[in-house]
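Report on one structure; see the data block that follows.
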Amino acid sequence: MGTRLNSKVAFITGAGSGIGAATALRFAEEGALVVLCGRRIEPLEAVAAQIRDAGGRAECAVADVSNEAAYVAAITAAAERNGRLDILVNNAMAYSWGAIDSTSTADWHSNFATTVDGTFWGTRTAMSLMRVQGSGSIINIASICGLFGTPWMAGYSAAKAAVINFSRAAASEGASHNIRCNVVIPGVVETPATAGMLTDDKTRLNTEKLIPLKRVGQPVEVANAILFLASDEASYITGASLPVDGGRSSELYTVLE
1 MGTRLNSKVA
11 FITGAGSGIG
21 AATALRFAEE
31 GALVVLCGRR
41 IEPLEAVAAQ
51 IRDAGGRAEC
61 AVADVSNEAA
71 YVAAITAAAE
81 RNGRLDILVN
91 NAMAYSWGAI
101 DSTSTADWHS
111 NFATTVDGTF
121 WGTRTAMSLM
131 RVQGSGSIIN
141 IASICGLFGT
151 PWMAGYSAAK
161 AAVINFSRAA
171 ASEGASHNIR
181 CNVVIPGVVE
191 TPATAGMLTD
201 DKTRLNTEKL
211 IPLKRVGQPV
221 EVANAILFLA
231 SDEASYITGA
241 SLPVDGGRSS
251 ELYTVLE
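Under the numbering used here, the first residue of the sequence shown carries the number 1, and numbering increases by one thereafter.
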């Protein structure tokens, strides 16, 4: 067990799988008390059991991040139970798929309810709690889709772009209270959400050809970046957007071999 997050209380959304679960495990390994938030208790309890079996501390909070009252109540209750909130990771997301000319207004809005509204509600609540204690770190999870136009994912791309710029504003407002806000921008990472684009060896190989490091990322690699920004090692970093994408966002075009 490490000590980078000793005595800190962390709240992580979308913590039942993928990047959220990997982040919860890494935080617990570094001494944090981790509150895992998601819509279903079963996956949360599975991750919590892993944490406890390894000697860590974990709690579960069932809440739909797209429901303002439920999400705000979950964060507030966790802070009241544990006496403080040191870290918030807004990781939960939702997306729709389809061409712009066939996207309904309801589908368009569905991309924003969790990704943008949830990030706003969580950040607003966390900043109020952290202002009282005089410190805190908020990490919002965006996507490489928020940096570049992505066909058939216009709503998701727009929502993730909004997260990036909203976080800059939050960093500016929080700085005077020692509240830091940063963004992690994953590329293609092997999670349940990306399973559909890595369905077979050919599809996977074609995807990897577009990535300078020539491989798909793993959830723990993103979790390690989130851990750094959450920790005191990043005490002078706020308003930053950190790509964790194998170099994908650094290239104008890719030379295929």
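A virtual CB, placed ideally from N, CA and C, is assigned to each residue, including glycine.
Report the rounded CA-to-CA distance for I75 versus G149, giving the unit in angstroms. Straight-line Cα distance between these residues: approximately 33 Å.
Taking C-alpha atoms, which residue in S241, R131 and L129 lies nearest to V184? Ranking the options by Cα distance to V184, first place goes to S241.
How many Å lie between L227 and A99 at the Cα? The alpha-carbon separation between L227 and A99 amounts to approximately 36 Å.
With the cut-off set at 8 Å, would you say I87 and V62 are in Cβ contact? The Cβ atoms of I87 and V62 do not sit closer than 8 Å to each other.
DSSP state of I138 mapped onto helix, strand, coil: In the structure shown, the three-state DSSP call for I138 is strand.
Counting Cβ pairs closer than 8 Å, one from the stretch 90-97 and one from the stretch 109-124, do we hit at least three? The stretch 90-97 is in contact with the stretch 109-124.
Which whole-angstrom value is the C-beta distance of P219 and V188, which I expect to be below 8 Å? Between P219 and V188 a beta carbon distance of about 12 Å is seen, past the 8 Å cut, so the two are scored as non-contacting.
N-terminal and C-terminal residue of the beta strand (DSSP E) that G38 is part of: From DSSP, the beta strand (DSSP E) with G38 extends over L33 to G38.
Span of the alpha helix (DSSP H) around R168: Per DSSP, the continuous alpha helix (DSSP H) segment holding R168 begins and ends at A154 to G174.
Identify, in the order they occur along the chain, each residue of the same chain with its Cβ nearer than 6 Å to the Cβ of I51, setting aside the five sequence neighbours on each side. Here the set comprises A28 and A58.
Write down the C-beta distance between E173 and W121 rounded to the nearest angstrom, noting that I regard them as a contact closer than 8 Å. The pair is not a contact, with the Cβ atoms about 16 Å apart (cut-off 8 Å).
A24: buried (16+ other C-beta within 10 angstroms of its C-beta) or exposed? The residue in question, A24, is buried, as its Cβ has 16 or more Cβ neighbours within 10 Å.
Beta-carbon within less than 6 Å of A171's beta-carbon, same chain only, minus the 5 sequence neighbours each way: which residues are those? Only residues of its own chain outside the window of five on either side were considered, and among them C181, T238 and G239 have a CB closer than 6 Å to the CB of A171, listed in chain order.
Does the distance from the CB of S231 to the CB of N178 come in under 8 Å? For S231 and N178, no; Cβs fall outside 8 Å.
Check the DSSP bridge columns for A61 and list the partner residues they point to. Answer is C37, bridged to A61.
With distances taken Cα to Cα, identify the nearest neighbour of C145 among R131, V132, T115 and Q133. Nearest C-alpha to C145: T115.
Member of S235, M1 and C37 whose CA lies at the smallest distance from the CA of G14: The shortest C-alpha to C-alpha distance from G14 to any of S235, M1 and C37 is the one to C37.
Based on the DSSP secondary-structure assignment, which residues constitute the bridge partners of R84? Note: R84 is not bridge-paired with any residue in the DSSP secondary-structure output.
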